[in-house]
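Trainee: Below: one structure in structure tokens.
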Amino acid sequence: MITIDNKPIKLQIWDTAGQESFRSITRSYYRGAAGALLVYDITRRETFNHLASWLEDARQHANANMTIMLVGNKCDLSHRRAVSFEEGEQFAKENGLIFMEASAKTAQNVEEGFVKTAGAIYKKIQDGVFDHKICL
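Per the UniProt record's numbering, residue 1 is the first one in the sequence shown, and the count goes up by one each step.
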């Protein structure tokens with residue numbers, strides 16, 4: 001539960017872990033979703049290289065107005081970085097995504113990622129892009 005504009009917002013979150021074996025199941029989660037966080041590991045280039053196909057899946061199986069946040073995880077391990085901040089930022093810009101880096105280990109920017117995504121969705125609800133009963 002988070003608060004936006006003094007209103008409590010309940011989020012329903014599924015973690016699909018990006019595993020190829022769950023890809024067909026993952027696609028079903030996109031239906032009815034108003035937002036998604038695509039997460040890659042900044043210390044593992046191969047996870048960044050999968051972003052284009054993950055994004056294609058999201059856009060193919062979800063509402064065209066879905067808000068997508070790109071998150072570079074493990075920023076606490078920047079000394080082992082394999083993907084630069086600028087590369088993540090550029091991918092997000094080219095694809096119309098919100099971007100940030102975070103650390104699940106230290107919790108840096110984790111809550112902010114959900115709040116920013118939910119805030120963008122909430123604005124779309126206020127603007128009439130989404131029904132107010134949309135799955136956040």
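For glycine and all other residues, C-beta sits at the position ideal for the given N, C-alpha and C.
1. Where does K116 sit, in a helix, a strand or coil, going by DSSP?
2. At the level of alpha carbons, what is the spacing between F85 and Q12?
3. Below 8 Å on the Cβ atoms is my contact criterion, and I expect F99 with E112 to pass it. Report the Cβ-Cβ distance as a whole number of Å.
4. In chain order, which continuous runs of the beta strand (DSSP E) of length 3 or greater are located wholly inside the segment 59 to 83?
5. Among the candidates A82, A102 and A92, whose CA atom is the shortest distance from the CA of T43?
6. Along the beta strand (DSSP E) that carries A102, what are the first and last residues, could you check?
7. Within the continuous beta strand (DSSP E) that includes A36, where are the two ends?
8. Check whether the Cβ atoms of M69 and A58 sit closer than 8 Å, and answer yes or no.
9. Residue range of the beta strand (DSSP E) that T16 falls in?
10. Just tell me which of K93, N6 and Q60 has its CA closest to the CA of R31.
11. Report yes if the C-beta distance between A118 and I2 is below 8 Å; otherwise report no.
12. Is any heavy atom in the ligand FAD found nearer than 7 Å to the beta carbon of A92?
13. Could you pull out every residue in the same chain whose Cβ sits closer than 7 Å to the Cβ of F114, ignoring the five residues on either side in sequence?
14. Three-state secondary structure (DSSP) at K93?
Mentor: The structure says:
1. It is helical.
2. Taking the straight line joining both Cα atoms gives about 28 Å.
3. Rounded to the nearest angstrom, the Cβ distance from F99 to E112 is 12 Å, too far for a contact under 8 Å.
4. Within the segment 59 to 83, the complete beta strand (DSSP E) segments at least 3 residues long are 67 to 73, listed from N- to C-terminus.
5. Out of A82, A102 and A92, the CA that lies nearest to the CA of T43 is found in A82.
6. Annotation for A102: no beta strand (DSSP E) segment contains it, and DSSP assigns it neither H nor E.
7. Taken as a continuous stretch (DSSP letters only), the beta strand (DSSP E) holding A36 covers G35 to D41.
8. Going by C-beta atoms, M69 is not nearer than 8 Å to A58.
9. First-last for T16: undefined, no H or E at that position.
10. Measuring from the Cα of R31, the nearest candidate turns out to be Q60.
11. Against a cut-off of 8 Å, the Cβ pair of I2 and A118 comes out as a contact.
12. Only the bare structure without any ligand can be found here, which leaves the ligand FAD out of the picture.
13. Answer for F114: I2 and L11, listed in chain order.
14. Helix at K93.
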